[in-house]
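Those protein sequences? They're chains A and B, same order as listed.
Those letters in the first sequence? Residues 2 to 273, by our numbering.
Those letters in the second sequence? Residues 24 to 373, by our numbering.
See structure below.
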Amino acid sequence: MTDTITEHADHTLHKGEPLVEMTDVGKAFGPIVALEGINLTVRAGEVACVLGDNGAGKSTLIKIISGLHPHTSGTLKVDGKDVHFASPRDSLNHGIATVYQDLAVVSLMEVWRNFFLGSELRKGNYPLAPMDITAMREIADSELKKMGISVKDINQPIGTLSGGQRQCVAIARAVYFGARVLILDEPTAALGVKQSGVVLKYTAAARDAGLGVVFITHNPHHAFLVGNHFIILKLGRRVLDKTRDEVTLEELTSEMAGGRELAELSHELQGR
Amino acid sequence: MSSPVATPPKASETPAPVKRTLASRLATRPEIGAVAAAIAIFIFFFAIAPPFRTLPSFSTVLYASSTIGIVAVGVALLMIGGEFDLSSGVSVVTAALAAALLTFQLSLNIWVGVLFSLLVALGIGFINGYLVVKTGIPSFLITLSTFFMLRGINLGVTKAVTGTVASANVSELDGFASAKAIFASNIDLGFITINITVIWWLVFVALGSWILLRTRIGNWIFAAGGNQDSARAVGVPVPKVKIGLFMGVGFLCWFYGMHLLFNFSSVQSGLGIGNEFIYIIAAVVGGCLLTGGYGSVAGAAVGAFIFGMTTQGIVFAGFDPNWFYTFLGAMLLLAVLVNLYVKNYASTRR
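Structure (structure tokens):
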């Protein structure tokens, strides 16, 4: 399955070069501050893991990078240039592809229509030009086979696939369309152990092919398997920011579970 | 370099693709219920109403179908795109009145009115679409508002301009003959004489189907109705698609409005009310889901054909025409049940 990635990955990527740099980025919805003072650098060939509990600001963070919500403070640079995304299309045009946990696919549409949604192949460049449906079916079918996803019929509605398969179709689609930065939003949250394994291997393969990956999760075990850099968010603020050498799985787990608060609570409970 | 993480697909995990059987594929077509119903209704009237069997009466069935079917093409596409238009019935009359009143009062060439009313109809579609997209208020409420506003405007403006509730007769104006040839003439095919609206209806159905199934805009329509957040996230311009769909309904309302104007030479300002539901019923009977994301233009055409057969068939069979609405309601209920079944069948895991 790594063939797909190395084949479509951008060969101008150099391991370690910063692709996306966020400096002091924040997002306020009116008077409510959802995110504040975030510094995050996504480097080619590395996985940046963003961890946090529900409501920590993980989703807001990726929605800024993927262009669904513009940031309200700080700077966002892509390839060293200041950007301010107005729409997901802007972000895609910069090579940033996002795979969402909940809104990855349109379930009543056929697998091949989903695979090419928003990037359809056309037989001409005029309004109402017909799509190249034969080619789209063939490409979608062969790309999915390369990933080891068995789809009975490429014309079946994607809602008939399992959750893991749908997630993999969405990731395959992002990589196929030349993503340089891949944002995975809770890709393993709804999956079983085996299906999670497939997604994690695929994440590592994307990293090794030189893509910059942002891996959003609340599972420190999954994060530690693939991550190079870890950030933990809590209530919209960064509470931990360490590279793989500086941190242990125990530290991540404890910090995710509440860390200091948990220690204080334990002290309090034992003190009785 | 990526060998440690490579997982070549195991042969046991990738069974050869299985082609679904023809029956199973047919069962998931959105229009299958409508086609079955159309065949049953055709056989029914063919059996009990002798006049139904003649070619001239088939021509009137086709004409009645086309008067609903033309606007139903746009309404079906809009519903697949996840929205709803209650103003389509009166927009038809608004377009016809706009053309008639402007040209008659200023004694202009009728084609000026034709173009002016096109702008009016597209404008109504644009306003509906823009308000739905910008406010996020359900299209049911937005278009219900435009429905009532247009209903009042149709009557009020006509009365203010002409002093009566109908437009003046425009058949003496320049350009009337050429416009009538395009919007309201009869075409002799040798064995049958049909109204030109039937030809236009088939053209619009073919064009609508082509757009829906063969172009990327069609892909975007399905996605906008099926899951607009997903669609937006992969770069589909959902607001433009929706505004475009409302304007498409506006265009077809204009077209049918022009037919009314050139067929009858003047327009009654109170017409059109209630037709919006007939268009929606044609689309739903044809397999469009009220929630969007699923349906077909060909299905809406079959839905309109069922409407045409029934309105005419009831007359040919000598039934009391008042039963027509009961039939329409029953058809709609049946269609909704069939659609629910088809949708569930299409989206269960296999």
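Glycine included, C-beta positions come from ideal geometry on N, C-alpha and C.
In terms of residue numbering, what span does the alpha helix (DSSP H) encompassing residue i cover?
i	result
K203 (chain B)	F199 to F206
G248 (chain B)	R239 to G249
C276 (chain B)	V261 to F287
L100 (chain B)	L78 to I103
S92 (chain A)	P89 to N94
T61 (chain A)	K59 to I66
G56 (chain B)	I55 to I71
V227 (chain A)	P221 to V227
How far does the beta strand (DSSP E) with residue i in it extend, from its first residue to its last?
i	result
F216 (chain A)	G213 to T218
V43 (chain A)	I33 to R44
N319 (chain A)	In the structure displayed, chain A extends from 2 to 273; residue 319 (chain A) sits before or after that span and is not available.
E256 (chain A)	Here E256 (chain A) belongs to no beta strand (DSSP E); instead the alpha helix (DSSP H) covers L250 to M257.
A98 (chain A)	I97 to V100
A29 (chain A)	P19 to F30
I215 (chain B)	No beta strand (DSSP E) holds I215 (chain B); DSSP gives it neither H nor E.
T244 (chain A)	R238 to T244
H230 (chain A)	H230 to K235
Identify the contact partners of residue i in chain B, using a Cβ-Cβ distance below 7 Å as the criterion.
i	result
G119 (chain A)	V257, G258 and V259
P1 (chain A)	No statement about residue 1 (chain A) is possible, as the shown extent of chain A runs from 2 to 273 and does not include it.
Y101 (chain A)	A256
G23 (chain A)	One detail in the question is off: residue 23 (chain A) reads as Met in this sequence, not Gly. What M23 (chain A) touches in chain B: nothing, since even the nearest Cβ is about 20 Å away.
M257 (chain A)	Within 7 Å Cβ-Cβ: nothing; M257 (chain A) doesn't reach chain B, min ~25 Å.
P19 (chain A)	Those within 7 Å of P19 (chain A) in chain B number zero; the least Cβ separation is about 21 Å.
R245 (chain A)	Near R245 (chain A) there are no residues of chain B at all, since even the closest Cβ is about 16 Å away, more than 7 Å.
R44 (chain A)	Under the 7 Å cutoff, chain B gives no residues; its nearest Cβ is about 17 Å from R44 (chain A).
Which chain A residues are close to residue i, counting only those with a beta carbon under 8 Å from its beta carbon?
i	result
A254 (chain B)	V107, L118 and G119
I234 (chain B)	L129
Y317 (chain B)	L109
G267 (chain B)	Correct list: empty, because the minimum Cβ distance to chain A is about 11 Å.
G249 (chain B)	V107, S108, L109 and M110
My assumption, with CB atoms under 8 Å, is that residue i sits in contact with residue j. Please give the rounded CB distance.
i	j	result
S288 (chain B)	S194 (chain B)	4 Å
A190 (chain A)	Q102 (chain A)	6 Å
V272 (chain B)	S168 (chain B)	Actually they are not in contact, since the Cβ atoms of V272 (chain B) and S168 (chain B) sit about 16 Å apart, beyond 8 Å.
G97 (chain B)	L275 (chain B)	4 Å
A60 (chain B)	I329 (chain B)	6 Å
T238 (chain B)	A175 (chain A)	Actually they are not in contact, since the Cβ atoms of T238 (chain B) and A175 (chain A) sit about 24 Å apart, beyond 8 Å.
L234 (chain A)	G31 (chain A)	So it is not a contact: roughly 21 Å between Cβ atoms.
What does residue i reach in chain B if we use C-beta pairs closer than 8 Å?
i	result
L1 (chain A)	Outside the shown range of chain A, which is 2 to 273, sits residue 1 (chain A), and nothing can be said about it.
R167 (chain A)	Those do not exist, as R167 (chain A) stays about 11 Å from chain B at its closest Cβ, beyond 8 Å.
P89 (chain A)	R255, A256, V257 and G258
Would residue i be called buried (16 or more neighbouring beta carbons within 10 Å of its own) or exposed?
i	result
E36 (chain B)	Confidence in E36 (chain B) is poor, its pLDDT being 40 and thus under 50, which makes the residue's placement too unreliable to answer from.
P89 (chain A)	buried
T204 (chain A)	buried
Y279 (chain B)	buried
S26 (chain B)	Summary for S26 (chain B): the model assigns pLDDT 36, below 50, so the residue's position carries little reliability; its value from the coordinates is reported in the next sentence. So S26 (chain B) ends up on the exposed side.
T244 (chain A)	exposed
R174 (chain B)	buried
P38 (chain B)	For P38 (chain B), the predicted model reports a pLDDT of 43, less than 50, meaning its position is unreliable; a value from the coordinates is still stated below. That one is exposed.
P31 (chain B)	Its pLDDT being 41, under 50, P31 (chain B) is placed unreliably by the model, and the measurement read from it follows with that caveat. The residue is exposed, with fewer than 16 neighbouring Cβ atoms inside 10 Å.
M24 (chain B)	Because M24 (chain B) sits at a pLDDT of 36, beneath the cut-off of 50, its placement in the model cannot be relied upon, and the point is left open.
H268 (chain A)	exposed
P188 (chain A)	buried
V113 (chain B)	buried
S92 (chain A)	buried
G193 (chain A)	exposed
P79 (chain B)	exposed
S143 (chain A)	exposed
N367 (chain B)	exposed
Just to make sure I have the definition right: I need the residues of chain A whose C-beta is within less than 9 Å of the C-beta of residue i. Which are they?
i	result
I222 (chain B)	Result: empty, since nearest Cβ-Cβ is about 21 Å, beyond 9 Å.
A323 (chain B)	Residues of chain A passing the Cβ test: none, with the nearest at roughly 17 Å.
A246 (chain B)	V107, M110, R114, N115, L118 and G119
N242 (chain B)	M110, R114, F117, L118, G119, E121 and M132
G179 (chain B)	Those within 9 Å of G179 (chain B) in chain A number zero; the least Cβ separation is about 38 Å.
Report the neighbours of residue i on chain B: residues whose CB is nearer than 9 Å to its CB, in chain order.
i	result
L93 (chain A)	V257 and G258
Chain A partners of residue i, CB-CB under 7 Å?
i	result
R239 (chain B)	E121, R123 and M132
Within 7 Å (strictly less), CB to CB, does residue i reach chain C?
i	result
R123 (chain A)	The structure shown contains no chain C; its protein chains are A and B.
* **alpha helix (DSSP H) runs contained entirely in the region 113-168 of chain B, provided each spans 4 or more residues** => Counting only unbroken stretches of 4 or more residues, the alpha helix (DSSP H) elements lying wholly within the region 113-168 of chain B are 133-158, in sequence order.
* Contiguous beta strand (DSSP E) assignments of at least 3 residues, all confined to the region 127-208 of chain A -> Whole beta strand (DSSP E) segments, 3+ residues: 182-186.
* If you scan the region 282-330 of chain B from start to end, which runs of the alpha helix (DSSP H) of 4 or more residues do you find wholly inside it? -> With a minimum length of 4 residues, the unbroken runs of alpha helix (DSSP H) contained wholly in the region 282-330 of chain B fall at 298-308.
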